[in-house]
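Under the working numbering, think of the first position of the sequence shown as 6, with each following residue one higher. Reading through the structure tokens given below for one structure.
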Amino acid sequence: MLLAFVIRRILWLIPVIVAVTTITFFLMHQAPGGPWDREKPVAAATLKALNQKFGLDKPVWVNVGEVRARWQAGERNPVRLLGAFLDSQYFRYLWGLVRLDLGPSYRSKGTESVQSILWRKFPTTAKVGPVATAFAVVVGVPLGVLGALKQNSWIDYVSLTVATLGVSVPSFIIGVLVIIFLSQAFGIKPIRQPEEWRGFSTAYLAPGIVLGLGTMSYLTRLTRSSMLEVIRQDYVRTARAKGLSEFQVVTRHMLRNALIAVITVLGPAVAALVTGSFIIETIFNVPGMGREYVVAIAARDYSMIMGTTLMYALFVALANLWVDVMYGFLDPRIRV
């Protein structure tokens, strides 16, 4: 049953990726400007050559003009007419996606592919994300448990205050304050040059903690409310009446059931970490995928925008898949 449940969730990834690709592609082409718009204007001949090289001279959706021209020229082969009809930017990109080819980066004038850039940037982002996730879970869940077990005590008030501040204050403001505090109070340089981010070091702690602070606060509040609901259940009172220690009651009976609600929000929580990394990597000058995404948007690098969006969409989809599997493991009722 669990295997069939996982297979169904994996198959759902295909329409999700296609939908993300389609929506992102057309929204991106609705934005004003183009990849060759710079402060210094490009010559008309150069602009035409660049558009032809990267296929930007083709229609965005379907190529009706090419079909009309071939029909008037006497072409009646349905396969060739269909090929001409689909000779557009969108279907060219889909065909490249099927072949796992994300195309060249426009900013590199076609000298470097999107895959190679993402492959180079991914290890850095893969170090910031786990730090943020680990901080959110390791700090948020225990803080929520303590707040529930010590309800209306100073521990509860402190956990609620931290959670409220973490949710209310935007991450980019906290990031700037952390940079100022570390540099002024301790002489630590949180902002580093790209070459200084190689390998794993304590440099990833500051952006990781700032990135995970909002998710940690949300998990704290959710864990606290879930634990308070579970504490009042009859089976908890029964477990205590049987003489089990408080640690056994919390870990065996209360925490397992309370974590079901927490696990269901881990997918959206990971999505929040993903979108938040765009800002945090830019603030801390982290040379990862998030910062590359912001630079690509500013430069109208269509292929890089599409490639980065698909990567992040895949991360979020896999995170939600993991959450569904864990939820199905903890609560077998949802597998059917």
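Heads up, the beta-carbon is just placed ideally off N, CA and C, and yes, glycines get one too. Since we're looking at a predicted model, the values are computed, not measured.
Practice task
Just tell me which of 28, 137, 139, 56 has its CA closest to the CA of residue 41.
Solution key: For the purposes of this step, residue 41 is identified with residue 36 of the sequence shown, where counting begins at 1. Each of 28, 137, 139, 56 was checked against the Cα of residue 41, and the nearest Cα belongs to 56.
Problem - Rounded separation between residue 155 and residue 161 - CA only - result: Position 150 of the sequence shown, counting from 1, holds the residue named residue 155. Position 156 of the sequence shown, counting from 1, holds the residue named residue 161. Approximately 6 Å, taken between the alpha carbons.
Handout entry: residue 145 versus 187, 228, 95, residue with shortest Cα-Cα distance
Key = To locate residue 145, count along the sequence shown from 1; it is residue 140. Distances from the alpha-carbon of residue 145 to those of 187, 228, 95 put 228 closest.
Exercise for the section: Enumerate in chain order the residues of its own chain whose CB-to-CB distance from residue 30 is below 7 Å, with the five nearest sequence positions on each side excluded. Expected result: For the purposes of this step, residue 30 is identified with residue 25 of the sequence shown, where counting begins at 1. Taking C-beta separations shorter than 7 Å and ignoring five residues to either side along the sequence, the partners of residue 30 in its chain run 95, 98, 311, following chain order.
Handout entry: Cut-off 8 Å between Cβ atoms - residues of its own chain near residue 68, not counting five sequence neighbours on either side
Key = Within the sequence shown, numbered from 1, the residue matching residue 68 stands at position 63. Excluding positions up to five away in sequence, the list reads 89, 90, 91, 92, 93.
Handout entry: Where residue 80 falls, given that 16 or more other Cβ within 10 Å makes a residue buried
Key = As a working mapping, residue 80 is identified with position 75 in the sequence shown. Burial call: exposed.
Practice task
Output the distance between the C-alpha atoms of residue 221 and residue 180, rounded to the nearest integer angstrom.
Solution key: For this step, residue 221 is matched to residue 216 along the sequence shown. For this step, residue 180 is matched to residue 175 along the sequence shown. Taking the Cα positions, residue 221 is about 15 Å away from residue 180.
Exercise for the section: Go to residue 95, then tell me how far its alpha helix (DSSP H) extends in each direction, as first and last residue. Expected result: Counting from one through the sequence shown, the residue named residue 95 turns up at place 90. Run containing residue 95: 94 to 103, per the alpha helix (DSSP H) assignment.
Practice task
Can you tell me which of 182, 85, 237 puts its alpha carbon nearest to the alpha carbon of residue 71?
Solution key: Walking along the sequence shown from the start, residue 71 turns up at place 66. Residue 85 is the option with its Cα nearest to residue 71.
Exercise for the section: Using the Cα positions of residue 191 and residue 167, report the straight-line distance between them to the nearest angstrom. Expected result: As a working mapping, residue 191 is identified with position 186 in the sequence shown. As a working mapping, residue 167 is identified with position 162 in the sequence shown. CA-to-CA, the gap between residue 191 and residue 167 works out to about 23 Å.
Exercise for the section: Determine the DSSP secondary structure at residue 118, reduced to helix, strand or coil. Expected result: As a first step, residue 118 must be located in the sequence shown, where it is residue number 113. Strand, per DSSP.
Handout entry: Nearest to residue 153 (by Cα), restricted to the options 225, 313, 296, 18
Key = Taking the first residue of the sequence shown as position 1, residue 153 is located at position 148. The option with the nearest alpha carbon to residue 153 is 225.
Handout entry: residue 135, DSSP secondary structure in three states
Key = Start at 1 with the first residue of the sequence shown, and residue 135 comes out as number 130. When secondary structure is reduced to three states using DSSP, residue 135 falls in the helix class.
Problem - Cβ shell of residue 62 (< 6 Å), same chain only, five flanking positions each side left out - result: Here residue 62 refers to the residue found at position 57 of the sequence shown. The residues are 56.
Practice task
Output the boundary residues of the alpha helix (DSSP H) element that contains residue 229.
Solution key: Taking the first residue of the sequence shown as 1, we reach residue 229 at position 224. Its alpha helix (DSSP H) spans residues 210 to 236.
Exercise for the section: Kindly list the residues whose CB is nearer than 6 Å to the CB of residue 331, restricted to its own chain and excluding five residues on each side of it in sequence; keep chain order. Expected result: Walking along the sequence shown from the start, residue 331 turns up at place 326. Within its own chain, the residues whose Cβ lies closer than 6 Å to the Cβ of residue 331, once the five positions on either side in sequence are excluded, are 268, listed in chain order.
Handout entry: With 16 other Cβ atoms within 10 Å as the buried cut-off, status of residue 184
Key = Here the question's residue 184 lines up with position 179 in the sequence shown. Residue 184 is classed as buried because its beta carbon has at least 16 other beta carbons within 10 Å across all chains shown.
Problem - Through-space distance from residue 215 to residue 189, alpha-carbon basis - result: On the sequence shown, position 184 is the one that residue 189 refers to. On the sequence shown, position 210 is the one that residue 215 refers to. Roughly 18 Å between the two C-alpha positions.
Exercise for the section: Look at the alpha carbon of residue 104 and the alpha carbon of residue 14, and state the distance between them as a whole number of angstroms. Expected result: Residue 104 sits at position 99 when you count from the first residue of the sequence shown. Residue 14 sits at position 9 when you count from the first residue of the sequence shown. Taking the straight line joining both Cα atoms gives about 23 Å.
Handout entry: Other residues of its chain near residue 209: CB distance less than 7 Å, five sequence neighbours each side excluded
Key = Mapped onto the sequence shown, residue 209 falls at position 204. Contacts found: 132, 133, 136.
Practice task
Name, in chain order, the residues that DSSP records as bridge partners for residue 109.
Solution key: Taking the sequence shown and counting its residues from 1, the one referred to as residue 109 is at position 104. As computed with DSSP, residue 109 is found in a beta bridge with 118.
Exercise for the section: Inspect the beta-carbon positions of residue 295 and residue 282 and report whether they are closer than 9 Å. Expected result: Here residue 295 corresponds to residue number 290 of the sequence shown, with the count starting at 1. Here residue 282 corresponds to residue number 277 of the sequence shown, with the count starting at 1. With respect to residue 282, residue 295 sits close: the two C-beta atoms are nearer than 9 Å.
Exercise for the section: Enumerate in chain order the residues of its own chain whose CB-to-CB distance from residue 275 is below 6 Å, with the five nearest sequence positions on each side excluded. Expected result: Indexing the sequence shown from 1 puts residue 275 at position 270. 324, listed in sequence order.
Practice task
Grab the span of the alpha helix (DSSP H) containing residue 166 for me, first residue to last.
Solution key: The residue given as residue 166 occupies position 161 in the sequence shown. 159 to 173 is the extent of the alpha helix (DSSP H) around residue 166.
Handout entry: Start-to-end residues for the alpha helix (DSSP H) that takes in residue 185
Key = In the sequence shown, the residue the question calls residue 185 occupies position 180. Where residue 185 is concerned, the enclosing alpha helix (DSSP H) stretches over 176 to 190.
Practice task
Using a threshold of 9 Å, state whether the C-beta atoms of residue 107 and residue 315 are closer than that.
Solution key: Here the question's residue 107 lines up with position 102 in the sequence shown. Here the question's residue 315 lines up with position 310 in the sequence shown. Contact flag set, yes.
Handout entry: Same chain, Cβ closer than 6 Å to residue 326, five either side skipped, listed in chain order
Key = Translated into the one-based positions of the sequence shown, residue 326 becomes position 321. Exclusion of the five residues before and after residue 326 leaves 14 as the residues of its chain whose Cβ lies within less than 6 Å of its Cβ.
Practice task
Report yes if the C-beta distance between residue 75 and residue 300 is below 9 Å; otherwise report no.
Solution key: Position 70 of the sequence shown, counting from 1, holds the residue named residue 75. Position 295 of the sequence shown, counting from 1, holds the residue named residue 300. No, the Cβ-Cβ distance between residue 75 and residue 300 is not below 9 Å.
Practice task
For my contact list, residue 102 and residue 26 are in at a C-beta cut-off of 8 Å; report their separation, rounded to the angstrom.
Solution key: Stepping through the sequence shown from its first residue, residue 102 is reached at position 97. Stepping through the sequence shown from its first residue, residue 26 is reached at position 21. With a Cβ gap of about 7 Å, residue 102 and residue 26 count as contacting.
Handout entry: Helix, strand or coil at residue 147 [DSSP, three-state]
Key = As a position in the sequence shown, residue 147 is number 142, starting the count at 1. In the three-state reduction of the DSSP assignment, residue 147 falls in the helix class.
Exercise for the section: Could you work out which residue in 48, 304, 237, 278 is closest to residue 318 when comparing CA atoms only? Expected result: Here residue 318 refers to the residue found at position 313 of the sequence shown. Distances from the CA of residue 318 to each of 48, 304, 237, 278 were compared; the closest alpha carbon is that of 278.
Practice task
Label residue 126 either buried or exposed according to how many other C-beta atoms from any shown protein chain fall within 10 Å of its C-beta, with 16 as the threshold for buried.
Solution key: Along the sequence shown, one-based indexing puts residue 126 at 121. The residue is buried, with at least 16 neighbouring Cβ atoms inside 10 Å.
Handout entry: Assigned secondary structure, residue 272 (DSSP; H/G/I helix, E/B strand, else coil)
Key = In the sequence shown, counting from the first residue as 1, residue 272 sits at position 267. Reduced to three states, the DSSP call for residue 272 is helix.
Handout entry: residue 80 - DSSP class collapsed to helix/strand/coil
Key = By one-based count along the sequence shown, residue 80 stands at place 75. Coil.
Problem - Validate contact between the segment 230 to 244 and the segment 252 to 272 using beta carbons, cut 8 Å, 3 pairs - result: Three or more pairs of CB atoms, one per stretch, sit closer than 8 Å, so the segment 230 to 244 contacts the segment 252 to 272.
Problem - Status (buried if at least 16 other CB within 10 Å, exposed otherwise) for residue 289 - result: Position 284 of the sequence shown holds residue 289. Counting Cβ neighbours within 10 Å, residue 289 comes out buried, since at least 16 surround it.
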